[in-house]
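Okay, so here's the structure we're looking at.
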Amino acid sequence: MMIDAAESTMNSSRLSIRSLVRRVSGRKAAKASAFHTHSHLSCASTVAIAIIPLILWFSRHGTIFAPDWRVKTFCYCLVFACLLIPVGTSTRTGLLCIALLALLMLRDFKRPLVYLTALGCLGLMAVPFLPSAFTERMGTIKTYQGDSSASTRVAVWQWTMEYVKTHPMGGGFEAYRQNQIRYEKVALEKDGEGHQTIKRSIEIDKARAYHSAYFEMLGEQGYPGLAIWLLINVIGLFRMEVLRRRYKKPDPGQEWIAPLASALQNAHIVYLLGATFIAIAFQPFVYMLIGAQIGLDTYVARKREETAWRPLRKQRLAPA
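Heads up: the sequence shown runs through residues 19 to 338, numbered per the numbering used here.
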């Protein structure tokens, strides 16, 4: 049952990435703005990194295909492909998700120093092979004012905070279309002699999307909607932590429970980080992830009740 639920989440994630890529391609064909293109690519990068823990879980505990060397090789290649998506799309959100996932996986390793050493070596080996577009894009993390994408995010978030002061219940779906923002953009320009000068410009825009799931919920559903959404996510994380600790030393046949709970929790945390910078509060991926968490929790609880129940006396056989 839980294998099917986890596989459904994986298949849905694959379809989500495919649909996002198609949407991006369509926008490029229509000469859409780079701002919206990077937003969809960030969404694809977040989902790709979030499903890595589930892929690794399948490589060890899958039942449809026995976890032999062929399955492990395929899963490791798939993980490598997922890691390439943020690099190929040059998304800062994807880079942050990779860093967070690396830290989260540290708690599941028995030898953390070996893990950190191997991770550092792999990182140093990968730096020379990174494309220049990726390194230039990552350099804009230092300051949000040097990039229009980050500047508009901050401006829209400030507008949302002001908006909910007069609309505490939110403005409904696509309430962002009524915003009009004004932000400062700072850029470094080089002259012919190699000197750098700071150029400041004031940009004015309107109908900018939230580009944050938290502000998306706040602006559209208000404080009650944001509280309910956060509560749903926190409950899922809490229950997975309970299962992860409860089955840390499992009985025979229960070795798969704690790793699956940890994988679902890690995927959820990575999603919540990516959701800070992209408006994916209503995307189906997280709700399928929560559905898999609910399925695991209820399945394990039912199995515990079955094993814990013992009749006080043997039932008498009915007379013939």
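Note that the Cβ used here is the ideal one computed from N, Cα and C, for glycine as well.
Cβ-based burial, residue i [other Cβ within 10 Å; buried from 16]
i    : result
F295 : buried
T170 : buried
W247 : buried
Q239 : buried
Y265 : buried
F76  : buried
Euclidean distance between Cα positions of residue i and residue j
i    : j    : result
K183 : Q176 : 11 Å
L118 : V304 : 17 Å
S60  : A326 : 46 Å
Y181 : Y241 : 12 Å
C139 : V132 : 11 Å
R263 : I199 : 47 Å
D126 : A279 : 12 Å
A66  : A144 : 19 Å
Y317 : V105 : 38 Å
P130 : L124 : 6 Å
R257 : I222 : 45 Å
A319 : I69  : 25 Å
Three-state secondary structure assigned by DSSP to residue i
i    : result
E324 : helix
I103 : helix
E234 : helix
Q272 : coil
K183 : helix
I222 : strand
I199 : strand
Q301 : coil
H79  : helix
A293 : coil
Y228 : coil
I69  : coil
G190 : coil
F127 : coil
A47  : Note that A47 has pLDDT 37, beneath the 50 cutoff, so the model's placement of it is unreliable and the number below is only indicative. DSSP places A47 in helix when its eight states are reduced to three.
Y94  : helix
Y265 : coil
In DSSP terms, what residue i is bridged to
i   : result
D86 : Per DSSP, none; premise fails for D86.
Where the alpha helix (DSSP H) containing residue i begins and where it ends
i    : result
A117 : 110-122
A136 : 130-144
Proximity test, residue i beta-carbon vs the ligand ATP heavy atom, cut-off 7 Å
i    : result
G313 : The model depicted lacks the ligand ATP and carries no ligand whatsoever.
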